[in-house]
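> Quick one: structure below, then a few questions.
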Amino acid sequence: QKEVEQDPGPLSVPEGAIVSLNCTYSNSAFQYFMWYRQYSRKGPELLMYTYSSGNKEDGRFTAQVDKSSKYISLFIRDSQPSDSATYLCAPYNYGQNFVFGPGTRLSVLP
Amino acid sequence: EPEVTQTPSHQVTQMGQEVILRCVPISNHLYFYWYRQILGQKVEFLVSFYNNEISEKSEIFDDQFSVERPDGSNFTLKIRSTKLEDSAMYFCASSGAGSRSYEQYFGPGTRLTVT
Numbered sequence: 015q016k017e018v019e020q021d022p023g024p025l026s027v028p029e030g031a032i033v034s035l036n037c038t039y040s041n042s043a044f045q046y047f048m049w050y051r052q053y054s055r056k057g058p059e060l061l062m063y064t065y066s067s068g069n070k071e072d073g074r075f076t077a078q079v080d081k082s083s084k085y086i087s088l089f090i091r092d093s094q095p096s097d098s099a100t101y102l103c104a105p106y107n108y109g110q111n112f113v114f115g116p117g118t119r120l121s122v123l124p
Numbered sequence: 018e019p020e021v022t023q024t025p026s027h028q029v030t031q032m033g034q035e036v037i038l039r040c041v042p043i044s045n046h047l048y049f050y051w052y053r054q055i056l057g058q059k060v061e062f063l064v065s066f067y068n069n070e071i072s073e074k075s076e077i078f079d080d081q082f083s084v085e086r087p088d089g090s091n092f093t094l095k096i097r098s099t100k101l102e103d104s105a106m107y108f109c110a111s112s113g114a115g116s117r118s119y120e121q122y123f124g125p126g127t128r129l130t131v132t
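Protein chains in written order, with this note's numbering: chain L, 15 to 124; chain X, 18 to 132.
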């Protein structure tokens, strides 16, 4: 089983839609769950992160972690064409290195 | 807003040549990293650096790779004898100390093309 898995997409949605991006992981030691956004041929940009299980909201973005099922989600409300990018999840724990998922490519159509 | 910068943005080199990729991390950050992303593939960890020494390295980071912080601002990745399979985007990242060490900020990357 791969350490971090994401549906690669591409996921195409109309502008204004609610987007759900998902990630699963295998290592139960992970405590921090990062979401990065990567535009084409650019570096990953830290979007938000959560610690342990639960939800965290930041504007139109909500991150959700269920450690019991090792499942991470990122929800985007009122999606915009500028949200079109690849979204990378990266679980983390102190003493370990980031393990990036392969990313989900999102396209928001105007 | 402070940011990580990298130079050059694109480097073309011939197989067997040495290359040095340069990064200027965010000024008050203490942890520095290099990652690689082969076209169409995931971002892969290469090495982390703290207190002037390597703290972790991956299997990819073999003897042909080295890192250095030659002064108070630059952080470099050297590839001694490049191979075709080293062609990739190389990202530098940095993070602060303590509880902020997991907030890694990435540079725009250097695209390395080995011919």
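The beta carbon of each residue, even a glycine, is placed where N, CA and C say it ideally should be.
Quick one: which residues of the stretch 106-124 of chain L get their C-beta closer than 8 Å to a C-beta of chain X? List them in chain order.
Y106, Y108, N111, F112, V113, F114, G115, P116 and G117
> In angstroms with no decimal places, state the Cα-to-Cα distance between Y106(L) and Y52(X).
The residue you call residue 106(L) lines up with position 92 of the first sequence. The residue you call residue 52(X) lines up with position 35 of the second sequence. Roughly 15 Å between the two C-alpha positions.
> Which same chain residues, not among the five before or five after V29(X), have their C-beta less than 7 Å away from its C-beta?
Locating residue 29(X) in the second sequence gives position 12, where the first residue counts as 1. These residues qualify, in order along the chain: T130 and T132.
> Taking DSSP as the reference, what is the three-state secondary structure of E70(X)?
What you label residue 70(X) is simply residue 53 of the second sequence in a count that begins at 1. The answer is strand: DSSP assigns E70(X) an E or B state.
> For the beta strand (DSSP E) that L94(X) lies in, which residues bound it at each end?
On the second sequence, residue 94(X) is found 77 positions in, with the first residue counted as 1. Element bounds for L94(X): F92 to I96.
> Alpha carbon to alpha carbon, how far is S111(X) from S83(L)?
Indexing the second sequence from 1 puts residue 111(X) at position 94. Indexing the first sequence from 1 puts residue 83(L) at position 69. Cα to Cα, the separation comes out at about 31 Å.
> Answer with buried or exposed for L130(L), where buried requires no fewer than 16 other C-beta atoms within 10 angstroms of its C-beta.
With chain L represented from 15 up to 124, any question about residue 130(L) goes unanswered, as that position is not in the structure.
> What does the Cβ neighbour count give for E85(X), buried or exposed, with the cut at 16 atoms within 10 Å?
Sequence index remark: in the second sequence, residue 85(X) carries index 68 (1-based). Classification for E85(X): exposed.
> Short check: CB of Y53(L) to CB of A99(L), under 7 Å?
The residue you call residue 53(L) lines up with position 39 of the first sequence. The residue you call residue 99(L) lines up with position 85 of the first sequence. Yes, the pair counts as a contact, with Cβ atoms nearer than the cut-off.
> Select from T76(L), C37(L) and G57(L) the residue whose C-alpha is nearest the C-alpha of C109(X).
To locate residue 109(X), count along the second sequence from 1; it is residue 92. Looking at the Cα atoms, G57(L) is the closest of the given residues.
> Should D80(L) be counted as a contact of the ligand MG given a C-beta to heavy atom distance under 6 Å?
This structure lacks the ligand MG, and indeed carries no ligand of any kind.
> DSSP three-state call for L123(L): helix, strand or coil?
Numbered from its first residue, the first sequence carries residue 123(L) at position 109. DSSP places L123(L) in strand when its eight states are reduced to three.
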